[in-house]
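One structure is given here, and the rest of the page talks about it.
2 protein chains.
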Amino acid sequence: MPEATVARLPLYLRALTTLAERGVATVSSEELAASAGVNSAKLRKDLSYLGSYGTRGVGYEVDFLRHQITREIGLTQDWAVVIVGIGNLGHALANYGGFASRGFRIAALVDADPGRVGEEVAGLKVRHADELEQIVQDLGIAIGVVATPARAAQLVCDRLVAAGVTSILNFAPAIVQVPEGVDLRKVDLSTEMQILAYHEQRKNGAALALTAEQAAELAEAVNG
Amino acid sequence: MPEATVARLPLYLRALTTLAERGVATVSSEELAASAGVNSAKLRKDLSYLGSYGTRGVGYEVDFLRHQITREIGLTQDWAVVIVGIGNLGHALANYGGFASRGFRIAALVDADPGRVGEEVAGLKVRHADELEQIVQDLGIAIGVVATPARAAQLVCDRLVAAGVTSILNFAPAIVQVPEGVDLRKVDLSTEMQILAYHEQRKNGAALALTAEQAAELAEAVNG
DNA sequence: AGACGCTTGTGAACGTGTGCACAAAGTTGC
DNA sequence: GCAACTTTGTGCACACGTTCACAAGCGTCT
Ligand SMILES: NC(=O)c1ccc[n+]([C@@H]2O[C@H](COP(=O)([O-])OP(=O)(O)OC[C@H]3O[C@@H](n4cnc5c(N)ncnc54)[C@H](O)[C@@H]3O)[C@@H](O)[C@H]2O)c1
Ligand SMILES: NC(=O)c1ccc[n+]([C@@H]2O[C@H](COP(=O)([O-])OP(=O)(O)OC[C@H]3O[C@@H](n4cnc5c(N)ncnc54)[C@H](O)[C@@H]3O)[C@@H](O)[C@H]2O)c1
Numbered sequence: 377m378p379e380a381t382v383a384r385l386p387l388y389l390r391a392l393t394t395l396a397e398r399g400v401a402t403v404s405s406e407e408l409a410a411s412a413g414v415n416s417a418k419l420r421k422d423l424s425y426l427g428s429y430g431t432r433g434v435g436y437e438v439d440f441l442r443h444q445i446t447r448e449i450g451l452t453q454d455w456a457v458v459i460v461g462i463g464n465l466g467h468a469l470a471n472y473g474g475f476a477s478r479g480f481r482i483a484a485l486v487d488a489d490p491g492r493v494g495e496e497v498a499g500l501k502v503r504h505a506d507e508l509e510q511i512v513q514d515l516g517i518a519i520g521v522v523a524t525p526a527r528a529a530q531l532v533c534d535r536l537v538a539a540g541v542t543s544i545l546n547f548a549p550a551i552v553q554v555p556e557g558v559d560l561r562k563v564d565l566s567t568e569m570q571i572l573a574y575h576e577q578r579k580n581g582a583a584l585a586l587t588a589e590q591a592a593e594l595a596e597a598v599n600g
Numbered sequence: 377m378p379e380a381t382v383a384r385l386p387l388y389l390r391a392l393t394t395l396a397e398r399g400v401a402t403v404s405s406e407e408l409a410a411s412a413g414v415n416s417a418k419l420r421k422d423l424s425y426l427g428s429y430g431t432r433g434v435g436y437e438v439d440f441l442r443h444q445i446t447r448e449i450g451l452t453q454d455w456a457v458v459i460v461g462i463g464n465l466g467h468a469l470a471n472y473g474g475f476a477s478r479g480f481r482i483a484a485l486v487d488a489d490p491g492r493v494g495e496e497v498a499g500l501k502v503r504h505a506d507e508l509e510q511i512v513q514d515l516g517i518a519i520g521v522v523a524t525p526a527r528a529a530q531l532v533c534d535r536l537v538a539a540g541v542t543s544i545l546n547f548a549p550a551i552v553q554v555p556e557g558v559d560l561r562k563v564d565l566s567t568e569m570q571i572l573a574y575h576e577q578r579k580n581g582a583a584l585a586l587t588a589e590q591a592a593e594l595a596e597a598v599n600g
């Protein structure tokens with residue numbers, strides 16, 4: 377299955393869930409594509425990788441398709457997740473309800489700061505980073521989330537991998553190397569902002585980007 | 377400039393900053409590519425869109441290249457940003473220091489909950505969503521960050537656009553439509569996790585994903 | 001000055017992803 | 001049971017992105 381398709385399945389799943397909640401029983405590729413914000417031909421091709429689950433002349437059965445995608449992604453079972461680095465972001469992630477509802481169970485919180493260890497966040501006690509290996513093995517954790525400062529990210533990932541974690545989601549703005557067989561994805565806020573800034577700059581954006589001071593200078597230059 | 381290239385420029389910028397801090401004056405495409413985690417031919421092609429800033433036989437001057445990329449992305453001036461939805465995530469984002477250091481200034485925080493309005497977060501008073509249009513115009517804000525619940529995301533984006541915002545970063549797990557000319561990017565945590573789960577499932581992952589209960593059942597089946 | 005070694009910049013081949021367009025296959029109505 | 005209509009599944013052409021491979025260019029050393 378193409379990587380691009382895999383990346384869109386969660387999107388379809390979300391759209392289907394919304395439809396199911398609205399009581400919709402069947403949906404055409406055209407409608408589903410619209411609510412997922414993609415081209416309908418692309419949607420059909422994506423779904424065809426799962427099998428021929430549509431009915432020509434009718435469309436797709438919402439609940440059935442939802443189950444098929446859930447199974448394909450591997451969300452029929454819960455995945456235990458450890459969050460490393462319980463600072464600003466780690467707290468937000470730990471308190472986020474959107475995980476549990478999508479098949480991910482936050483099983484442990486870990487931090488290196490002794491002052492943080494023992495604190496209770498979202499019903500879990502923060503444990504010390506030294507226990508990481510034990511925690512991962514005891515709880516059968518396969519997925520790690522890294523929310524430490526950038527300089528600690530490589531070390532933390534190394535330790536996660538050594539402990540047996542084979543999938544990592546990294547929030548730290550750092551380039552991290554992992555061995556073959558380990559999946560690493562990153563969520564990179566500043567990069568996203570910078571991409572927006574790039575496009576903004578080549579729209580009408582230059583004017584909006586001026587600070588009050590710069591605007592005053594400009595006015596002066598123009599006026600006189 | 378290809379979109380894929382634009383998405384990598386921030387990566388190069390980060391790698392160059394790290395090198396500059398280490399006192400490195402020049403760098404070859406091979407070295408820079410390694411520290412950015414990409415293929416060196418790709419790096420050279422990406423940089424070639426900026427112009428011919430390298431020296432054959434030598435490499436690239438770190439500071440000079442850094443400046444060129446900064447300029448190209450549009451980071452020579454500060455961008456004013458408004459965050460809408462000051463809950464769990466909004467707090468973390470407001471307190472995040474990584475913005476200012478990269479040319480983004482959080483200019484305003486906005487929430488619809490009257491109980492939240494007036495609260496001081498990261499040195500800024502949270503203001504009411506009704507003031508959004510005024511705020512955007514007064515502060516010359518071009519970039520909006522949406523951290524509201526999913527059901528409010530479309531409405532918030534519509535209001536941001538109406539107020540004059542032309543770039544939006546959306547954290548809510550919702551499909552949002554914006555008019556031509558407005559850039560919308562999304563950071564989608566659950567999607568990232570689900571992609572990891574998919575790959576995890578087709579590694580050795582199935583075993584690790586078992587709950588204790590399922591593991592017990594399996595043991596019974598195997599042994600019995 | 002000229003030969004040598006290194007590194008850039010890029011043409012060209014390849015691979016991946018997208019979207020059109022339509023035959024195949026189903027449903028509905030008569 | 002057949003015709004008209006709807007919608008899927010997919011072949012095909014095209015666009016985009018990646019990587020190889022190497023000529024062109026620069027610095028260095030003799
Ligand atoms: N806060 C945000 O909104 C935000 C946004 C985007 C990216 N990020 C990135 O996410 C990461 C975390 O951000 P934050 O604002 O939560 O930072 P933070 O400083 O508030 O929290 C970092 C936490 O990591 C812990 N830590 C440090 N080294 C560790 C180690 N070796 N092992 C385990 N824990 C360790 C610290 O004790 C601290 O509790 C940073 O890399 C930041 O750049 C944050
Ligand atoms: N917390 C996380 O770690 C996390 C991770 C990924 C995604 N998200 C997503 O980010 C969004 C925010 O998450 P959160 O945990 O901060 O939620 P939250 O409920 O803590 O905060 C949401 C805030 O938005 C405000 N709000 C609601 N409607 C609004 C409107 N129309 N205008 C302005 N403000 C409005 C609420 O008053 C509240 O303060 C959600 O969509 C969530 O799914 C959160």
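Chains as they are written, first to last, in the working numbering: chain U, 377 to 600; chain E, 377 to 600. We put the beta carbon where it would ideally sit given N, CA and C, even for glycine.
Between the alpha carbons of V532/U and V460/U lies a gap of roughly 8 Å. V522/E sits close to F547/E, with the two beta carbons spaced by under 8 Å. Of all alpha-carbon atoms in G450/E, G463/E, E496/E and S543/E, the one lying nearest the alpha-carbon of L426/E is that of G450/E. For R503/U, the enclosing beta strand (DSSP E) begins and ends at L500 to H504. At least one heavy atom of ligand 1 lies closer than 7 Å to the C-beta of F547/U.
For S411/U, the enclosing alpha helix (DSSP H) stretches over residues S405 to A412. For A412/E, the closest Cβ of chain U is nearer than 8 Å. Proximity of the beta carbon of R492/E to ligand 2 is indicated: a heavy atom of the ligand is located closer than 7 Å. Taken atom to atom, the span from the alpha-carbon of T452/U to that of Y472/U is near 20 Å. Going by C-alpha positions, Q570/E is about 10 Å away from F475/U. No Cβ of chain E is located within less than 8 Å of the beta carbon of S416/U. Counting along the chain, Y472/U sits inside no alpha helix (DSSP H), nor does DSSP assign it H or E at all. Relative to the Cα of R432/E, the nearest Cα in the group V537/E, S404/E, E568/E and L465/E belongs to S404/E.
The three-state reading of DSSP puts F547/U in coil, since its state is none of H, G, I, E or B. Classified as buried, V502/U has 16 or more neighbouring CB atoms from the shown chains inside 10 Å of its CB. In chain order, P549 place their CB closer than 7 Å to the CB of D564/E, counting only its own chain and leaving out the 5 sequence neighbours on each side. Excluding sequence positions up to five before and after D439/E, its CB lies within less than 7 Å of the CB of A396, all in the same chain and listed in chain order. Relative to ligand 1, the beta carbon of P525/U is positioned inside 7 Å of a heavy atom.
The three-state secondary structure of R481/E, taken from DSSP, is strand. Following the DSSP letters along the chain, one finds Y574/E inside the alpha helix (DSSP H) bounded by residues L565 to E576. In the DSSP assignment, K421/E falls outside any beta strand (DSSP E) and lies within the alpha helix (DSSP H) extending over S416 to S424. In this structure T393/E touches R442/E by the C-beta definition: roughly 7 Å separates them, less than 8 Å. A residue is called buried when at least 16 other Cβ atoms come within 10 angstroms of its Cβ; K562/U meets this threshold and is buried. Contact residues of the segment 479-494 of chain E toward chain U are G479, F480 and R481 (C-beta to C-beta distance below 9 Å).
Residue burial annotation: V434/E is exposed, with fewer than 16 other C-beta atoms found within 10 angstroms of its C-beta. Taking every protein chain shown into account, the CB of E576/U has 16 or more other CB atoms within 10 angstroms, so this residue is buried. Against chain E, the CB of I449/U has a partner CB under 8 Å away; the residue lies at that interface. Rounded to whole angstroms, the Cβ separation of L408/U and Y388/U is 7 Å, and the two are in contact under 8 Å. Closest option to V457/U, judged by alpha-carbon separation, among Y436/U, A488/U and S543/U: S543/U. Residues of the same chain with a CB within less than 6 Å of the CB of N464/E, apart from the 5 flanking positions on each side, do not exist. Taking 8 Å as the cut-off, the Cβ atoms of D487/U and A505/U count as close.
The three-state secondary structure of I519/E, taken from DSSP, is strand.
Residue burial is scored here from C-beta neighbours: E496/U has fewer than 16 other C-beta atoms within 10 angstroms and is therefore classed as exposed. Annotation for L531/U indicates a beta carbon within 7 Å of some heavy atom of ligand 1.
Contact between I551/U and S416/E does not hold, since the beta-carbon distance rounds to 15 Å and is not under 8 Å.
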